[in-house]
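Protein chains in written order, with the numbering used here: chain U, 1 to 111; chain S, 112 to 226.
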Amino acid sequence: AQSVAQPEDQVNVAEGNPLTVKCTYSVSGNPYLFWYVQYPNRGLQFLLKYITGDNLVKGSYGFEAEFNKSQTSFHLKKPSALVSDSALYFCAVIGANNLFFGTGTRLTVIP
Amino acid sequence: DTGVSQNPRHKITKRGQNVTFRCDPISEHNRLYWYRQTLGQGPEFLTYFQNEAQLEKSRLLSDRFSAERPKGSFSTLEIQRTEQGDSAMYLCASSLGTSGSNEQFFGPGTRLTVL
C-alpha cells in the first residue's frame, strides 16, 4: 500500500531563512510524489511532482523538493521564506490512480 | 476563471436529509476525482471517473454515497440520509489524460455540516 508521512504538524521559520517541510514515503514500486499547498478558503494548489529523472525537482513559487531513494524522503525546501508562504502543506503519493495524502504540515513564517 | 468549480461552497443540513454537491472540472480534463477532508487530516480518496465511467470507489464510499458524471463533464456527489460523521470538506479534482501521474487540479471544496 502507498502512504506518506509528515512527521511535523507545525513548522515555524523566520522570514528570509531557508525552510524545510519533511515527508517520507512508503510505496511498492516506483514512487510518484507530489507536494500541494492549501491556503485558507482556497483549494489545494499543486506545487511540484517527482516522477523520474533528476532528484531535485523545482516547482512553483520558488519551492523545490529533493527525492532521496535511500532515505525514502521527499522534503520540500525553499531557500528564503516569505510571510506569504504561511499555509498548510501536503505531501502525496500516487496509488493506482488516486492520491494518498499525508496529514499536512502547517508552515508559519514569522516576520 | 477556468479552474475547477464546486457548488455549493457551504451546506448545512439536518441529520437524515439528502444532499447533493456539484463539481465542474477544467473543460478538457477527462479525469474527475472526489476526496473528503476532515479537520486536521489530509484529503482521502472517495472515487474517480474517466470520462463518464466510474472506475474506482474507496471503501470510504458507503452505500449512502453515490456519484455520477453522466456526460463526462460535470459530476454530482449525493449523500443520502446524512449522518453527523459525514461533516467534512468535499473536494473535487480533475486531471488530463489517462495517467495517474498527471497533476490533479482541485476545486475550493464544499463544506458540509450535518446537525
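Glycine included, C-beta positions come from ideal geometry on N, C-alpha and C.
Item	Value
Between which two residues does the beta strand (DSSP E) containing CYS203(S) stretch?	199-206
From the DSSP output, which residues share a beta bridge with GLN148(S)?	MET200(S)
Just curious, the beta strand (DSSP E) that CYS91(U) is in, first and last residue?	87-94
Using CA coordinates, which residue listed in PHE216(S), GLY208(S) and GLY220(S) is at the minimum distance from THR161(S)?	The question names Thr, but residue 161(S) in the sequence shown is Gln. Ranking the options by Cα distance to GLN161(S), first place goes to GLY208(S).
Count the other CB atoms, across all protein chains shown, that sit within 10 Å of the CB of ILE123(S); report buried if there are 16 or more and exposed otherwise.	exposed
Near PRO79(U), which residues of its chain fall below 6 Å by C-beta distance, leaving aside the five closest residues on each side in sequence?	PRO18
List, from N- to C-terminal side, the beta strand (DSSP E) runs of 3 residues or more that fit wholly inside the segment 8-48 of chain U.	10-14, 19-21, 24-26 and 33-38
Are the C-beta of ASN55(U) and some C-beta of chain S separated by less than 9 Å?	no
Provide the residue span of the beta strand (DSSP E) that contains SER116(S), from first to last.	116-118
What in chain S is Cβ-close to GLY104(U), meaning under 7 Å?	GLY153
ILE140(U) CB to nearest chain S CB: under 9 Å?	Here chain U has residues from 1 to 111 only, and residue 140(U) is not among them.
In the structure shown, what three-state DSSP assignment does GLN128(S) receive?	coil
Assign PRO195(S) to one of three DSSP states: helix, strand, or coil.	It should be pointed out that residue 195(S) corresponds to Gln in this sequence rather than to Pro. Reduced to three states, the DSSP call for GLN195(S) is helix.
Are ILE190(S) and ARG170(S) close, meaning C-beta to C-beta below 9 Å?	no
Reducing DSSP to helix, strand and coil, say where SER73(U) ends up.	strand
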